[in-house]
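One structure is given below, encoded as structure tokens.
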Amino acid sequence: MADLHEMFTCKSFLLRPKVRISDLNHIDPAWFIDVDNTEEVQRIARYVDKKYIDGAILLNCFDKEILTFREWEALNHLWIYLAVAIDKLLQDGTASMSFPDAPMEMDFEEYDRGFIKLHTKWNNKRFFVPEKELLLTLLQGSVHFFDAINKPLDLHSTYALERQYFDDLLQRVYGKFL
Numbered sequence: 000m001a002d003l004h005e006m007f008t009c010k011s012f013l014l015r016p017k018v019r020i021s022d023l024n025h026i027d028p029a030w031f032i033d034v035d036n037t038e039e040v041q042r043i044a045r046y047v048d049k050k051y052i053d054g055a056i057l058l059n060c061f062d063k064e065i066l067t068f069r070e071w072e073a074l075n076h077l078w079i080y081l082a083v084a085i086d087k088l089l090q091d092g093t094a095s096m097s098f099p100d101a102p103m104e105m106d107f108e109e110y111d112r113g114f115i116k117l118h119t120k121w122n123n124k125r126f127f128v129p130e131k132e133l134l135l136t137l138l139q140g141s142v143h144f145f146d147a148i149n150k151p152l153d154l155h156s157t158y159a160l161e162r163q164y165f166d167d168l169l170q171r172v173y174g175k176f177l
């Protein structure tokens with residue numbers, strides 16, 4: 000099976016503070032800042048609402064786009080919603096989640112032989128992806144997001160409890176697939 004890093008890509012981006020998106024069909028990637036660009040994140044820190052951190056998650060499985068800039072949202076909330084959905088999926092084998100502030104929903108369902116059926120309802124796309132790799136990618140993405148923004152946005156571990164929750168979920172996923 001392909002390496003996790005070859006199969007999935009998952010990156011978080013902050014929306015530049017003065018950008019207002021009015022047309023989802025015309026989104027310029029330059030409106031977003033990669034959370035790994037520490038200098039640029041520090042430069043905009045005073046303009047960022049620390050309780051509502053707008054941005055986007057880019058999630059691809061091989062060459063298929065699952066999440067794009069079109070699905071921009073309050074990232075701090077979206078990562079938490081994704082983690083809660085993963086928690087429910089681990090417990091029940093199925094989960095559904097709505098995006099915090101957009102009319103978008105995703106469904107997750109355990110499928111045959113270690114796969115997940117992922118359904119993005121806003122565009123009616125279905126993806127059959129390896130469960131372990133998807134869950135690890137999402138949880139590692141959430142950890143990376145909060146770790147990357149903590150210091151540049153001067154959050155002083157505001158999201159420490161959430162960060163611990165992601166670590167706990169990561170351990171459960173590792174335990175499930177050992």
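Residues 0 to 177 (numbering that gives the first Met the number 0) make up the sequence shown, in order. C-beta: ideal position from N, C-alpha, C; glycine also.
Which residues DSSP lists as bridging E64, in chain order: Taking the first residue of the sequence shown as position 1, residue 64 is located at position 65. Beta-bridge pairing links E64 to N59.
Among L177, N122, D166 and R162, the one whose alpha carbon lies nearest that of H76: Residue 76 sits at position 77 when you count from the first residue of the sequence shown. Looking at the Cα atoms, R162 is the closest of the given residues.
Where A1 sits in the DSSP three-state scheme: Here residue 1 refers to the residue found at position 2 when the sequence shown is read from its first residue. Here the model assigns A1 a pLDDT of 43, short of 50, so the residue's position is not dependable, and the following value carries that caveat. Here DSSP, grouped into helix, strand and coil, assigns A1 to coil.
Outcome for A159 when other beta-carbon atoms lying within 10 angstroms are tallied against a minimum of 16: To locate residue 159, count along the sequence shown from 1; it is residue 160. Of the residues assessed, A159 falls on the exposed side of the cut-off, its CB having fewer than 16 other CB atoms within 10 angstroms.
Three-state class that DSSP yields for L152 in the structure shown: In the sequence shown, counting from the first residue as 1, residue 152 sits at position 153. Secondary structure of L152 (DSSP, three-state): coil.
Nearest-angstrom beta carbon gap, C9 and I56 [assumed within contact, 8 Å]: Within the sequence shown, residue 56 is the residue found at index 57, counting from 1. Within the sequence shown, residue 9 is the residue found at index 10, counting from 1. In this structure I56 is in contact with C9, their Cβ atoms being roughly 7 Å apart against a cut-off of 8 Å.
Whole-angstrom distance between R45 and M0, CA atom to CA atom: The sequence position of residue 0 within the sequence shown is 1, counting from 1. The sequence position of residue 45 within the sequence shown is 46, counting from 1. Low per-residue confidence applies at M0: pLDDT is 36, beneath 50, and the placement is therefore not dependable, though the value from the model is reported in the following sentence. Each residue's alpha carbon lies about 44 Å from the other.
Sequence-distant residues of the same chain with beta carbon closer than 6 Å to E108, five excluded per side: Taking the first residue of the sequence shown as position 1, residue 108 is located at position 109. Hits under 6 Å: T93 and K116.
At least three beta-carbon pairs within less than 8 Å, the stretch 115-131 to the stretch 96-106: The count of Cβ pairs closer than 8 Å, one atom from the stretch 115-131 and one from the stretch 96-106, reaches three, so the stretches are in contact.
Inter-residue spacing [alpha-carbon to alpha-carbon] between P151 and L89: Stepping through the sequence shown from its first residue, residue 151 is reached at position 152. Stepping through the sequence shown from its first residue, residue 89 is reached at position 90. Those two C-alpha atoms are separated by around 33 Å.
Rounded straight-line distance, which links the Cα of L154 to that of G54: As a position in the sequence shown, residue 54 is number 55, starting the count at 1. As a position in the sequence shown, residue 154 is number 155, starting the count at 1. C-alpha separation (whole angstroms): 17 Å.
Contact under 9 Å by Cβ, F114 with N59: Position 115 of the sequence shown, counting from 1, holds the residue named residue 114. Position 60 of the sequence shown, counting from 1, holds the residue named residue 59. No.
T119, DSSP secondary structure in three states: Here residue 119 is taken as the residue at index 120 of the sequence shown, counted from 1. Residue state, collapsed to three classes: strand.
Sequence-distant residues of its chain with Cβ nearer than 7 Å to Y110 (five each side left out): Here the question's residue 110 lines up with position 111 in the sequence shown. Excluding residues up to 5 positions away in sequence, K116 and F127 lie with their Cβ nearer than 7 Å to the Cβ of Y110 in the same chain.
Beta-ladder partner(s) of R45, from DSSP: One-based indexing of the sequence shown puts residue 45 at position 46. Paired residue(s): none; R45 is not in a bridge.
Rounded distance between the beta-carbons of L13 and I32, thought under 8 Å: Reading the sequence shown from its first residue, position 33 is the one you call residue 32. Reading the sequence shown from its first residue, position 14 is the one you call residue 13. About 5 Å separates the two Cβ atoms, so the contact holds.
Pairwise C-alpha distance: L177 and I148: For this step, residue 148 is matched to residue 149 along the sequence shown. For this step, residue 177 is matched to residue 178 along the sequence shown. If you take the alpha carbons of I148 and L177, they lie about 31 Å apart.
Beta-carbon spacing of H143, V40 below 9 Å: The residue labelled residue 143 in the question sits at position 144 within the sequence shown. The residue labelled residue 40 in the question sits at position 41 within the sequence shown. H143 is not a Cβ neighbour of V40, given a cutoff of 9 Å.
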